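There are 2 protein chains.
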Amino acid sequence: MTISEVSKKYDLTPDTIRYYEKEGLIPKAPRTKSGIRDFDEETCNWIEFIKCMRNAGLEIETLKQYVALFKQGNKTVKQRKILLIEQRKKLLEKQKNINATLERLNYKIEKYEEIEKGKLKDFAEKP
Amino acid sequence: MTISEVSKKYDLTPDTIRYYEKEGLIPKAPRTKSGIRDFDEETCNWIEFIKCMRNAGLEIETLKQYVALFKQGNKTVKQRKILLIEQRKKLLEKQKNINATLERLNYKIEKYEEIEKGKLKDFAEKP
DNA sequence: TTATCACTTGGAGTTAGCTCAAAGTCAATA
DNA sequence: TATTGACTTTGAGCTAACTCCAAGTGATAA
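If you want it as structure tokens, here you go:
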């Protein structure tokens, strides 16, 4: 699989994929005799995984650490677990923030709807 | 209220608060005769609102637009509603990404626990 | 065989969102 | 009166995560 095919498949630019490879977020992709990347399934799985984590906002640096631990094999299972638990904690925190904001947005949108329908006139709105 | 008091209250640095003011994310705070900011309740409410929105990841630019519309009064209710609905959509999308990632993290953490307890040996782990 | 086109690299540039530094002002205290 | 310390401004600097550019290479189509 060429980089542009992988790019389409995962909706990441070729530049981003090369950047991830250079930074060690994904394994170094296999190459053809002429030096062109020829992605295999394993590498694709990593790309998919990293994309998922990045979409949730995990940092490059953190993912780099995780991949480095992974490469060292089973002796790093404990450290990897600790790392993932910390990231889970962060995501739960984020989830809470988003939920709080969603509630607030819902309330305001509702109010705006009432104003539009004329149910509420001169609504003394706070931010 | 001085800027350092507000800073403590909302856990934002004075620099950040001044930056928000400069960018128009919050109203210009009232000043004492000698030019020092003396935050009133209204401005504090804005700070709290903006902090909440920023915590959920809404962009400065978007919030700037919202505040600008707000300042123009009731004639912008419709536009503000549209803006908030778009932001809600984005947050719901984010929520989905976070949930997907949380599930994945939970699965992996569980597997790592099983390995640690020796229930799983030589677990052929994919990313 | 020449042209095209997707790929390659290294390194510079960009954007968002702060964050810091320098130099100055003012009110209150020793 | 001198000094302390919190405030002020302007503008530069920083970090994360890409994103773009220039110059070069190699395989295939005309």
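Going down the list, the protein sequences come from chains A and B.
When we follow the working numbering, the leftmost residue of the first sequence carries the number 1177, and every step to the right adds one.
When we follow the working numbering, the leftmost residue of the second sequence carries the number 1177, and every step to the right adds one.
For every residue, glycine included, the Cβ atom is placed at its ideal position computed from N, Cα and C.
Just so you know, these numbers come straight off a predicted model, no measurement behind them.
Closest residue to residue i among the options (Cα-Cα distance)
i	options	result
ILE1285(B)	ILE1261(A), LYS1293(A), LYS1284(A)	ILE1261(A)
CYS1228(A)	ASN1282(A), THR1277(A), ASP1187(A)	ASP1187(A)
LEU1245(A)	ARG1256(A), GLU1237(A), ASN1273(A)	ARG1256(A)
LYS1247(B)	ILE1212(B), LYS1185(B), ILE1202(B)	ILE1202(B)
ARG1264(A)	LEU1278(B), LYS1254(B), LEU1267(B)	LEU1278(B)
ILE1193(B)	THR1252(B), GLU1224(B), ASN1250(B)	GLU1224(B)
ILE1291(A)	LYS1251(B), LEU1281(B), GLU1290(B)	LYS1251(B)
ASN1231(A)	ILE1274(B), PRO1190(B), LYS1184(B), THR1238(B)	ILE1274(B)
LEU1281(B)	LYS1184(A), LYS1185(A), LEU1234(A), ASP1214(A)	LEU1234(A)
LYS1185(B)	LYS1272(B), GLY1200(B), ASN1221(B)	ASN1221(B)
VAL1182(B)	LYS1198(B), PHE1215(B), PRO1206(B)	PHE1215(B)
Neighbour-count burial assignment, residue i, 16 or more Cβ in a 10 Å radius
i	result
THR1208(A)	exposed
ALA1276(B)	exposed
LYS1270(A)	buried
LEU1268(A)	exposed
PRO1303(A)	buried
THR1178(A)	exposed
THR1219(A)	buried
TYR1288(B)	buried
TYR1196(A)	buried
ILE1212(A)	exposed
ILE1258(A)	exposed
TYR1283(B)	exposed
Under 9 Å from the C-beta of residue i: neighbouring residues of chain B
i	result
PHE1225(A)	ARG1280, LYS1302, PRO1303
ARG1350(A)	Here chain A has residues from 1177 to 1303 only, and residue 1350(A) is not among them.
Residue i: contacting residues in chain A (beta-carbon distance under 8 Å)
i	result
THR1277(B)	CYS1228, MET1229, ASN1231, ALA1232, LEU1234, LEU1267
GLN1263(B)	LEU1281
ILE1291(B)	ASN1250, VAL1253
Contacts of residue i in chain B (Cβ-Cβ under 8 Å)
i	result
LEU1141(A)	Outside the shown range of chain A, which is 1177 to 1303, sits residue 1141(A), and nothing can be said about it.
GLN1271(A)	GLN1271, ILE1274, ASN1275, LEU1278
Contact set between residue i and chain A, taken where Cβ atoms lie within less than 9 Å
i	result
VAL1182(B)	Chain A residues near VAL1182(B): none, gap ~15 Å exceeds 9 Å.
Ignoring anything shorter than 4 residues or poking outside the region 1243-1301 of chain B, list the alpha helix (DSSP H) runs there in chain order. 1253-1292
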